[in-house]
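A quick write-up on the structure given underneath.
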Amino acid sequence: MITIKEVARHAGVSMSTVSYVLSGKRTISEETKRRVEQSIVALGYHPNAGARALASNRSQVLGLVVPLRSGVNMPVIMQFVASIVASARDHDYDVLLLTKEAGPGEAHRVTARSMTDAVIVMDVESDDPRIPELRTVDAPVVLLGMPDDHEVLSCVDLDFATAGRQMAGHLADLGHSSIALIGSPPAVYERGTSYAARLLAGFRGEAGKRNLQASVHPCEPGYDSVAACLDEVLAPGRDTTGLVVHNEAILGTLLLELRRRSLDVPGDLSVITLCPDDVAENLPVPLTSIAVPAQELGAIAVEMVMARLAQEHAPEVRLLQPQLTDRGSTAAR
């Protein structure tokens, strides 16, 4: 492995000069800087993480807070995690995954001990108890989600309220007058998870605006829960003809149960969902959907962190507009 000593000898300078070129802590003449950089390239020198941290007073690590709570869909969560890790590596950062439900002080703990330079927080609640503490963290904090009170915080998320409105409106435009939302597991709503609450508000608002008969049914994963949920949705007198599904974990089971009941999609029942595109495309019946842009959201969260570290941007809120793809699982009534 090439060392800083060998770079210094090759460039004809001291080791401290090489360190200053790498860290930028002192002004070095352009000629000397160019000679050092040429030696670095010629020798293939790569400063190790410890050296970079000492030189920059940074850990080169991002903290990612992902509490593993009930009702969380891990395959989708891991799409976000993979995107954040890949994007962080593009900036020469590693990611420290924090999965324990450690309370509001977790961000303080990892930044105060110089374990991380910044923190990205997922699974954000509408009235999140971590928000007051996060405002006082002496490091950039970005929320992948949006609490009701997000003043002076950086947030990025899908516009779930608009997504709820679009899905209900899509069915209304096709002539459906009685629709149902099959939602996330009850625990997700009980703890006030922001994305679920915002989608539900958008769905209900659009249903009321269009004078639709609309019901809401939180649903646990598992065959028995899905079957019981469909019993409610399709109970006599409801005349439900359209489903909005906001629960990625049950989609395959839902379609199998509809088939068992000899219900055709979209002939008997239109189905539209919010989930990653690869999930919607590869189901037994490809579903019309609004995409969960996990890769894009994760990359934006990292870019926002880097901008804050470079002091290039004040806190900001970015909501991505929903993109609906029609795959033929909804039909006119």
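According to full-length UniProt numbering, the sequence shown holds residues 1 to 333 in order. Note that beta-carbon positions come from the ideal geometry of N, C-alpha and C, so glycine has one too. Only a predicted model underlies this, so the values are computations on that prediction, with no experimental measurement involved.
query, result
"Going along the chain, which residues of its own chain have a beta-carbon closer than 7 angstroms to the beta-carbon of T240, five neighbours each way excluded?", "S178, I179, A180, V233, L234"
"Return the chain-ordered list of same chain residues with a C-beta closer than 7 angstroms to the C-beta of D159, the five sequence neighbours on each side being excluded.", "L319, L320, Q321, P322"
"Please say whether V302 and V271 have beta carbons closer to each other than 9 angstroms?", "no"
"Taking the alpha carbon of V72 as the point to measure from, which residue in V124, S289, I2 has its own alpha carbon closest?", "V124"
"Helix, strand or coil: which one does DSSP assign to T330?", "coil"
"Please give me, in chain order, every unbroken run of the alpha helix (DSSP H) with length at least 4 that falls completely inside the stretch 229 to 300.", "251 to 260, 277 to 281"
"Go ahead and label A121 buried or exposed: buried means 16 or more other beta carbons lie within 10 angstroms of its beta carbon, across all protein chains shown.", "In the sequence as displayed, the identity of residue 121 is Val instead of Ala. So V121 ends up on the buried side."
"What residue does the alpha helix (DSSP H) around S29 start on, and which one ends it?", "Note, S29: premise wrong, no alpha helix (DSSP H); not H, not E."
"So, at 6 angstroms on beta carbons, what are the nonlocal neighbours of V66 in its own chain, with the 5 sequence-adjacent residues on each side left out?", "T99, M122"
"In whole angstroms, what separates the C-alpha of P75 from that of R333?", "34 angstroms"
"Taking only three categories from DSSP, how would you classify L309?", "helix"
"For R34, which of helix, strand or coil comes out of DSSP?", "helix"
"List in chain order: all unbroken alpha helix (DSSP H) runs of 4+ residues lying wholly within the stretch 201 to 232.", "none"
"Going by beta carbon distance, what residues of the same chain come within less than 8 angstroms of V13, once the five residues before and after it are set aside?", "T32, R35, V36"
"Name the DSSP beta bridge partners of D128, please?", "Paired residue(s): none; D128 is not in a bridge."
"Keeping to the same chain, check which residues put their C-beta closer than 7 angstroms to that of G192; ignore five residues upstream and five downstream.", "E125, S126, D127"
"Take the Cβ of V292 as the centre, count every other Cβ of all protein chains shown within 10 Å, and call the residue buried at 16 or more, exposed below.", "buried"
"Just to confirm the assignment, what range does the beta strand (DSSP E) spanning A118 have?", "118 to 121"
"Can you grab the Cα-Cα spacing for the pair L255 / P284, in whole Å?", "7 angstroms"
"Taking the beta carbon of residue 337 as the centre, do at least 16 other beta carbons fall within 10 Å, making it buried, or is it exposed?", "With the chain running from 1 to 333 in the structure shown, residue 337 is simply not present."
"Helix, strand or coil for I2? Go by DSSP, reduced to three states.", "coil"
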